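Novice: Here it is, the structure, as structure tokens.
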Amino acid sequence: MKLPRPLEVAAILGITVAFGSLLLWPVHAGKDSARKYACLSNVKQMALACIMYASDYDDRFPNRDNWMDASVPYLKDEDLLQCNILQRERKDPQIYGYAFNGQLSNAKLPRRPDFVELVFESMNLARNASGSKGSLPNPGRHKVGDGLPSNNVSYADGHAKAIASPP
17 MKLPRPLEVA AILGITVAFG SLLLWPVHAG KDSARKYACL SNVKQMALAC
67 IMYASDYDDR FPNRDNWMDA SVPYLKDEDL LQCNILQRER KDPQIYGYAF
117 NGQLSNAKLP RRPDFVELVF ESMNLARNAS GSKGSLPNPG RHKVGDGLPS
167 NNVSYADGHA KAIASPP
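Residues 17 to 183 in our numbering are what the sequence shown spells out, letter by letter.
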């Protein structure tokens, strides 16, 4: 029996590695997609917790200085207050990565809640962070289908969506 030449072995190994990486790419992309949707779910649940808080307190949202603490009783799991992407990268229990719209601090429910941002991803990583959409990470923490960066934002009516980062 004739032994294979080193060049043939190298070619077969190269093809095998290339084919394997093609097979593993969807698995990696699937994990990123799962993290993005987990974050979107977290933002939505935080918004719903703030809305439930408001329904118990004369239709007023929590104070911006303790909005996370005030919404904990309305959440099924306090861990969702922390961005899973940031936790994976930094492994720091003091990093949260979400902010509350500071203009809604102790405010009544807005007339057009579907246009008013409530909880969103933020560059301010502290617990109970608040501010405006100007604190959105740029580029965004997630990639949308076409590869553009995006951030997750929830609104005062309880819906949440990914919005593209500004150019």
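Note that the Cβ used here is the ideal one computed from N, Cα and C, for glycine as well.
Quantities reported herein were computed from a predicted structural model and do not represent experimental measurements.
#1: Quick test of your reading: residue 156 and residue 140, contact by CB under 8 Å. State the CB separation rounded to the nearest angstrom.
#2: Report, in whole angstroms, the separation of the C-beta atoms of residue 194 and residue 158, which I expect to be a contact under 8 Å.
#3: For residue 163, count neighbouring C-beta atoms within 10 Å of its own C-beta (all shown protein chains included) and say buried if the count is 16 or more, exposed if not.
#4: For a test of the three-state rule: what should DSSP assign to residue 86, helix, strand or coil?
#5: Locate the beta strand (DSSP E) running through residue 134, then write down its first and last residues.
#6: For residue 119, which residues of its own chain have a beta-carbon under 8 Å away from its beta-carbon, when the five flanking residues on both sides are left out?
#7: Are there 16 or more other CB atoms within 10 angstroms of the CB of residue 52, so buried, or fewer, so exposed?
#8: Please classify residue 114 as buried or exposed, where buried requires at least 16 other C-beta atoms within 10 Å of its C-beta.
#9: Ignore the nearest five residues each way along the sequence and tell me which others in residue 59's own chain have a CB closer than 8 Å to its CB.
#10: Which word fits residue 112, buried or exposed, when buried means at least 16 other C-beta atoms lie within 10 angstroms of its C-beta?
#11: In this structure, how does DSSP classify residue 128 when only helix, strand and coil are distinguished?
#12: Which of helix, strand or coil does DSSP assign to residue 179?
#13: Distance check for residue 101 and residue 86, CA to CA, integer angstroms please.
#14: May I have the straight-line CA-CA distance separating residue 66 from residue 80, to the nearest angstrom?
#15: Going by beta-carbon coordinates alone, are residue 142 and residue 77 separated by less than 9 Å?
#16: Please state whether DSSP places residue 166 in a helix, a strand or coil.
#17: DSSP on residue 69, reduced to helix/strand/coil?
Specialist: Taking the geometry as given:
#1: Here residue 156 is actually not in contact with residue 140; their C-beta atoms are around 15 Å apart, not less than 8 Å.
#2: Not covered by the structure: residue 194. The range shown for the chain is 17 to 183.
#3: Residue 163 is classed as exposed because its beta carbon has fewer than 16 other beta carbons within 10 Å across all chains shown.
#4: Looking at residue 86 - three-state DSSP - the assignment turns out to be helix.
#5: In this chain, the beta strand (DSSP E) harbouring residue 134 covers 133-137.
#6: Closer than 8 Å at Cβ, skipping near neighbours: 148.
#7: Answer is buried; the Cβ neighbour count reaches 16.
#8: By the Cβ neighbour-count rule, residue 114 is buried, with 16 or more other Cβ atoms within 10 Å of its own.
#9: Residues of the same chain with a CB within less than 8 Å of the CB of residue 59, apart from the 5 flanking positions on each side, are 114, 135, 136, 137, 168, 169, 170 and 176 in chain order.
#10: Counting the other Cβ atoms within 10 Å of the Cβ of residue 112 gives 16 or more, which makes it buried.
#11: Reduced to three states, the DSSP call for residue 128 is coil.
#12: Strand.
#13: One C-alpha to the other measures close to 24 Å.
#14: The straight-line gap separating the alpha-carbon atoms of residue 66 and residue 80 is approximately 11 Å.
#15: Result no, Cβ atoms of residue 142 and residue 77 do not sit closer than 9 Å.
#16: When secondary structure is reduced to three states using DSSP, residue 166 falls in the strand class.
#17: DSSP places residue 69 in the helix class (H, G or I) of the three-state scheme.
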